[in-house]
Amino acid sequence: MKAIVQESYGSADVLHLRDIDQPAVGDEDVLVHVRAAGVDPGVWIFMTGRPYLARLASGLRRPRVPVRGRDLAGVVVEVGARVTRLRPGDEVYGTCLSGSYAEFASVPQRRLARKPANVSFAQAAAVPVSGMTALRAVRDSGAVRRGHRVLVIGASGGVGSHAVQIAKAYGATVTAVCTPARAAFVRALGADDILDYTSEEVDRDGPIYDVVIDTGGDRPISLLRRALTPRGTLAVVGGAYTKGPVLSGYDRQMVRVPLLSLFVGQRLRSVSAVERTEDLGELGTLIESGALTPAVDRTYPLAQAADAIRHFRDGHPAGKVVVTI
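Counting from 685, one number per residue, gives the positions in the sequence shown under my numbering.
Written as structure tokens, this is what we have:
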């Protein structure tokens, strides 16, 4: 099968389209004919090996898993002996650890759910990593409920575009932080107000937000707290992943937020996705109801996956960039 692989860490130039063996299918696995795969910060991090901390998971000298990509949507072609929920022909979406920029991927059934019927494969592939992260930020860390005022920083990105819509579905009033060029896009997602970060800071209106969701920025925690009510919640998603070689911007999420949360009245939470079938199911319900529409900025064919990653890194996409197979 054809796949996008790399033998060393580096820029998108290390990615190559090659023929490799089709993956084996274990008893708990599902072989998926991949139709689309998303691009997210994790793809860039594991491609470059930066911040270096990520190499503890991906391989110290070279990528342990040579195929890139985690989000996927496609069609089941084979199931393992112990798979009970899925069968050949089912349209599914989810995540895989063996790489999704390939014609086929072997995926544990616990990482998959049936694809919502009212979206394309490209739209479905935009959901898993970003959607589950946004769901964790809104539902679990933020405990957003009807009547809350929520500020979403990075509202036009992959996680942010999901967070705006999920918070609205939960009954919140949402202010979206973005550039003027993305204002119409985030309003179409349902945002009630826009804060233009090129001319205003997030504490523009004072401490009025019950929940602030920061999707991978590098603003000081003190600034973010000034936008929160005295008992409000700050949910920090990721970090400025190109900021430094070792921890990059993740020191804020991994060290400063947990430490400071011990000493202040506001709830400070670090958010990461826990990839579960149940959460994919909840996202699927929101999609089928029309409350959540996956936003795809641009699609690229498999052979141009390197260009897709470059566009993600440099193009400030509205929603997700997707590789189609």
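Where is the CB? At the ideal position from N, CA and C, for every residue including glycine.
Quick caveat, the model's predicted, so the values are computed rather than measured.
1. Report yes or no: do three or more beta-carbon pairs, one from the segment 768-778 and one from the segment 734-753, lie closer than 8 Å?
2. Return the residue from the list 723, 803 and 732 that minimises the CA-CA distance to residue 813.
3. Suppose you measure from the CA of residue 869 to the CA of residue 837; what does that come to, to the nearest Å?
4. Using a Cβ-Cβ distance cut-off of 8 Å, determine whether residue 870 contacts chain B.
5. Measuring only from the beta carbon, is residue 873 closer than 7 Å to any heavy atom that is part of the ligand ADP?
6. Using beta-carbon positions only, say whether residue 835 and residue 796 come within less than 8 Å of one another.
7. Would you list the residues sitting across from residue 703 in a DSSP beta bridge?
8. How would you call residue 700, buried or exposed, if buried means at least 16 neighbouring beta carbons within 10 angstroms?
9. Which residues in the same chain as residue 856 place their Cβ atom closer than 6 Å to its Cβ, once the five residues preceding and following it in sequence are excluded?
10. Starting from residue 1009, follow the alpha helix (DSSP H) in both directions and report where the run begins and ends.
11. Round the Cβ separation of residue 916 and residue 894 to the nearest angstrom and send it over; I've been treating them as touching at under 8 Å.
12. Write down the C-beta distance between residue 860 and residue 872 rounded to the nearest angstrom, noting that I regard them as a contact closer than 8 Å.
13. If distances are taken between C-alpha atoms only, which option among 721, 703, 907 and 979 comes closest to residue 809?
14. Would you mind reading off the limits of the alpha helix (DSSP H) that contains residue 909?
15. For residue 951, report the span of its beta strand (DSSP E) as first-last.
16. Grab me the residues of residue 631's own chain with a C-beta within less than 8 Å of its C-beta, minus the 5 sequence neighbours each way, in chain order.
17. Quick one: what does DSSP say residue 996 is sitting in, helix, strand or coil?
18. Please report the straight-line C-alpha distance between residue 858 and residue 1002, rounded to a whole angstrom.
19. Which runs of the alpha helix (DSSP H) fall wholly inside the segment 786-817 and span at least 4 residues, in chain order?
20. Quick check: what's the CA-CA separation for residue 714 versus residue 785?
21. DSSP on residue 1061, reduced to helix/strand/coil?
22. Identify whether residue 913 lies in helix, strand or coil by the three-state DSSP scheme.
23. Across which residues does DSSP place residue 1004 in a beta bridge pair?
24. Please state if the CB of residue 806 and the CB of residue 980 are separated by a distance shorter than 8 Å.
25. Straight-line CA distance for residue 921 to residue 707?
26. For residue 879, count neighbouring Cβ atoms within 10 angstroms of its own Cβ and tell me buried if that reaches 16, exposed if not.
27. What are the boundary residues of the beta strand (DSSP E) that residue 896 is part of?
28. What first and last residue would you give for the beta strand (DSSP E) that runs through residue 843?
29. Spatial neighbours of residue 914 within its chain, please: CB distance less than 8 Å, with the 5 preceding and 5 following residues excluded, ordered by chain position.
30. Starting from residue 755, trace the beta strand (DSSP E) in both directions and tell me its first and last residue.
31. Could you tell me the boundaries of the beta strand (DSSP E) in which residue 720 lies?
32. When DSSP builds the beta bridges, which residues end up paired with residue 880?
33. By Cβ distance, which residues of its chain are closer than 6 Å to residue 961, with the 5 residues on each side in sequence left out?
In brief:
1. no
2. 723
3. 14 Å
4. Judged by its chain identifiers, the structure shown contains no chain B, having just a single protein chain.
5. For the ligand ADP, the structure offers nothing, since it holds no ligand at all.
6. no
7. 686
8. exposed
9. 828, 832 and 834
10. Run containing residue 1009: none; DSSP gives neither H nor E here.
11. 5 Å
12. Between residue 872 and residue 860 the Cβ distance is about 11 Å, and since that is not below 8 Å, they are no contact.
13. 721
14. 905-909
15. 951-955
16. Nothing about residue 631 can be read from this structure; the chain reaches only from 685 to 1009.
17. helix
18. 18 Å
19. 805-809
20. 16 Å
21. Missing from the structure shown is residue 1061; the chain here goes from 685 to 1009 and no further.
22. strand
23. 980
24. yes
25. 32 Å
26. buried
27. 893-899
28. Residue 843 -> not in any beta strand (DSSP E); alpha helix (DSSP H) instead, spanning 842-853.
29. 891, 949 and 950
30. 755-763
31. 713-723
32. 862
33. 794 and 797
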